[in-house]
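The structure appears right after this line, and notes come after that.
Chains as they are written, first to last, in the working numbering: chain Z, 60 to 154; chain L, 169 to 661.
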């Protein structure tokens, strides 16, 4: 499978990365080189093979349902580009 | 007398305990060496004030006879580990200005044991790369040069700053991370030792995520023993990482003297790849001979799905990266570039903040996870991962204790030499290391000789899950036989 320029633009939008017209061509070439490289996986017989979900056999750990952290809003917003009263500020979403 | 920064970590530990020198003296020796080594660009930021403060605490502890396991030992931290109050970048512009209000589990355990932080080490952006050329903070230059040449070489990647700093005596040891070979390949390129432990051995909590099912932390140091000492402090169960394993941490340092008598070492025939340089093949044969002479049995084995590991990796890792890196949206930390609406702000921020290789991998990941392609790519790659893991399980079930392979298909290459339009060329660097991540196994890279141009080459040992001890024992056997590589003279100082 390979991608065309329209698909490159669609993927970029899905990934929320702005691309310029000049970037689309080279990106198409690079993505297609990678897709051509992974093409060989089609030759492997995977009939009846379970996809790996965990590299070591382990049971999902669950912690006690108790409050063990929290109350540090100012720490959480400390690195944000724009905040007000411990809230993150974002551009207007709803008109 | 050996300069304090040229001691091994074990020697420094003993010297501090014997009060031959102070923690402040050895910290200062490293800070001076870092100052003179700006040309290598191994550190993104040095933290001299913090280092000296921590060293003073260590000196007080030692004076009172309360020294902890790593008391006063100066270390570098890969800038993928969150360090409280210290700029943490992942080598990316998108995390500009980020100062975590928390400490990664692995680094916290090093400070708990008395180690001293020298600063944050350079890396490929978000640990994506094999040459440390993709960092937004500039390339790291290897302390190694080809004989008779002053052309700058790469230290490998993504833990290129860690490997270069250890090889250039800018720290006694360093933390690193390995998703497809990012500890073992730079260790091999710089004549240092690096171990990627079993997935789950070290907590990933506070390490900036690349591909969560593959990422694992480990040390790079100048000897096998030094790596064993560091891993002992880095490893251990952490309830904040659900994949961190609740197993006791063995005495890794004690394991180095076990030897290999009675062990069976597998030589996988699929690693004899086409076009492998004769000197790599020779080094591999030599490594097998050393282990045989030390009492191990050498047996040829087959790992039939080896060739599919790298292409499967380039589906799984980008897929997980595209998901993990969705958090860099200009809202919670780092860079924000305005746009005409919120989606425009996301798109502009990510376009300006991520470098080329990171964008490429996010986009491949987005594509293979998108509707209609998920089964054909991602699910198929995860099935192939099961097959790769079964290959190893069959080998271990047949009585193999560890597997010996070359660490890399070549010695270090020059800066810019791999800058072709085809990203796959660079990816082939990880052809011998990536299988280990795909199967979650431990792997160690140990220097074993020099090539015709005087550059170091490494051998890799792959172990059973949670059997790092056998790897330390076998790697020590190789280190004893090969002799310690003499590291380059400081042309940069």
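Glycine residues also receive a C-beta, built at the ideal position from the N, C-alpha and C atoms.
{"Check": "Spatial distance of residue 276 of chain L from residue 615 of chain L (CA atoms)", "Outcome": "29 Å"}
{"Check": "Limits of the unbroken beta strand (DSSP E) element including residue 329 of chain L", "Outcome": "Per DSSP, residue 329 of chain L belongs to no beta strand (DSSP E); it is in the alpha helix (DSSP H), 328-335."}
{"Check": "Amino acids of chain L, ordered along the chain, whose beta-carbon sits closer than 7 Å to that of residue 120 of chain Z", "Outcome": "410"}
{"Check": "When L/491, L/392 and L/191 are compared against residue 235 of chain L, the one with the closest alpha-carbon", "Outcome": "L/191"}
{"Check": "Best match in L/590, L/208 and L/496 for proximity to residue 289 of chain L [C-alpha to C-alpha]", "Outcome": "L/208"}
{"Check": "DSSP state of residue 510 of chain L mapped onto helix, strand, coil", "Outcome": "helix"}
{"Check": "Rounded C-alpha distance that separates residue 594 of chain L from residue 577 of chain L", "Outcome": "11 Å"}
{"Check": "Residue 123 of chain Z - DSSP class collapsed to helix/strand/coil", "Outcome": "coil"}
{"Check": "Partners in chain L for residue 144 of chain Z, counting only beta-carbon separations shorter than 9 Å", "Outcome": "Result: empty, since nearest Cβ-Cβ is about 16 Å, beyond 9 Å."}
{"Check": "Neighbourhood of residue 270 of chain L by C-beta distance below 7 Å, restricted to the same chain and skipping five residues each side", "Outcome": "250, 252 and 374"}
{"Check": "Amino acids of chain Z, ordered along the chain, whose beta-carbon sits closer than 7 Å to that of residue 534 of chain L", "Outcome": "70, 73 and 74"}
{"Check": "Any C-beta of chain L under 9 Å from that of residue 125 of chain Z", "Outcome": "no"}
{"Check": "Nearest-angstrom Cα separation, counted from residue 154 of chain Z out to residue 406 of chain L", "Outcome": "45 Å"}
{"Check": "Straight-line gap, residue 585 of chain L to residue 623 of chain L (C-alpha atoms, nearest Å)", "Outcome": "16 Å"}
{"Check": "C-beta contact flag for residue 243 of chain L and residue 286 of chain L at 9 Å", "Outcome": "yes"}
{"Check": "Alpha helix (DSSP H) segment containing residue 134 of chain Z, residue limits", "Outcome": "132-136"}
{"Check": "For residue 534 of chain L and residue 66 of chain Z, the rounded distance between their alpha carbons", "Outcome": "11 Å"}
{"Check": "Residues near residue 94 of chain Z by beta carbon distance below 8 Å, same chain, minus five either side", "Outcome": "60, 61 and 62"}
{"Check": "Residues near residue 409 of chain L by beta carbon distance below 8 Å, same chain, minus five either side", "Outcome": "273, 371, 372 and 373"}
{"Check": "Beta carbon proximity, residue 239 of chain L to chain Z, threshold 9 Å", "Outcome": "no"}
{"Check": "Residue-chain proximity (residue 151 of chain Z, chain L), Cβ-Cβ < 9 Å", "Outcome": "yes"}
{"Check": "Where residue 439 of chain L meets chain Z, residues with beta-carbon distance less than 8 Å", "Outcome": "Simply none; closest approach about 17 Å."}
{"Check": "Among L/642, L/656 and L/655, the one whose alpha carbon lies nearest that of residue 433 of chain L", "Outcome": "L/642"}
{"Check": "Entirely enclosed beta strand (DSSP E) segments - the stretch 195-243 of chain L, minimum 3 residues", "Outcome": "211-214"}
{"Check": "Proximity test, Cβ basis, 9 Å: residue 101 of chain Z and chain L", "Outcome": "yes"}
{"Check": "Residue 347 of chain L in three-state terms, based on DSSP", "Outcome": "coil"}
{"Check": "Residue burial classification, residue 146 of chain Z (beta-carbon count within 10 angstroms, cutoff 16)", "Outcome": "exposed"}
{"Check": "Extent of the continuous beta strand (DSSP E) to which residue 615 of chain L belongs", "Outcome": "611-618"}
{"Check": "With 16 other Cβ atoms within 10 Å as the buried cut-off, status of residue 625 of chain L", "Outcome": "buried"}
{"Check": "Nearest residue (CA-CA) to residue 76 of chain Z, options L/536, L/541 and L/521", "Outcome": "L/521"}
{"Check": "is_contact[residue 132 of chain Z, chain B] using C-beta, thresh 9 Å", "Outcome": "Included in the structure are the protein chains Z and L, with no chain B among them."}
{"Check": "Unbroken beta strand (DSSP E) run spanning residue 445 of chain L, endpoints", "Outcome": "Per DSSP, residue 445 of chain L belongs to no beta strand (DSSP E) and is neither H nor E."}
{"Check": "Residue 496 of chain L in three-state terms, based on DSSP", "Outcome": "coil"}
{"Check": "Cβ of residue 133 of chain L within 9 Å of any chain Z Cβ", "Outcome": "The question about residue 133 of chain L has no answer, for chain L in this structure spans 169 to 661."}
{"Check": "Residue 602 of chain L in three-state terms, based on DSSP", "Outcome": "helix"}
{"Check": "Buried/exposed call for residue 254 of chain L, threshold 16 Cβ in 10 Å", "Outcome": "buried"}
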